[in-house]
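Student:
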Amino acid sequence: VGLGSDFDGAMIPAVIGDAAGLPKLIDALAARGFGRALIEKIAYRNWLAMLERTIG
19 VGLGSDFDGA
29 MIPAVIGDAA
39 GLPKLIDALA
49 ARGFGRALIE
59 KIAYRNWLAM
69 LERTIG
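So for the sequence shown, my numbering puts the first residue at 19; every next one is plus one.
Below, the structure written as structure tokens:
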């Protein structure tokens, strides 16, 4: 799982709105008990790992 910022055609909750609202999603995950390491994976580390595996 990884977050992106291309919301074209997606149904995004109004509270998030666009990519500028992603910190609100991160805050909501933390408030619901997601740990820092898991949030980092969701926010960017999973994407970095995939890119490293794909392009080195």
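Ideal placement from N, C-alpha and C gives every residue a C-beta, glycine not left out.
Under 8 angstroms between the Cβ atoms of L43 and I34?
Tutor: Start at 1 with the first residue of the sequence shown, and residue 43 comes out as number 25. Start at 1 with the first residue of the sequence shown, and residue 34 comes out as number 16. Going by C-beta atoms, L43 is nearer than 8 angstroms to I34.
Student: Under the three-state reduction of DSSP, which class applies to D36: helix, strand or coil?
Tutor: In the sequence shown, the residue the question calls residue 36 occupies position 18. In the structure shown, D36 sits in coil (DSSP, three-state: anything other than H, G, I, E or B).
Student: State the start and end residues of the unbroken alpha helix (DSSP H) segment that holds R54.
Tutor: Start at 1 with the first residue of the sequence shown, and residue 54 comes out as number 36. Where R54 is concerned, the enclosing alpha helix (DSSP H) stretches over R54 to E58.
Student: Kindly indicate the opening and closing residues of the alpha helix (DSSP H) around R71.
Tutor: Position 53 of the sequence shown, counted from the first residue, corresponds to residue 71. Looking at the DSSP string, the run of the alpha helix (DSSP H) that includes R71 is N64 to I73.
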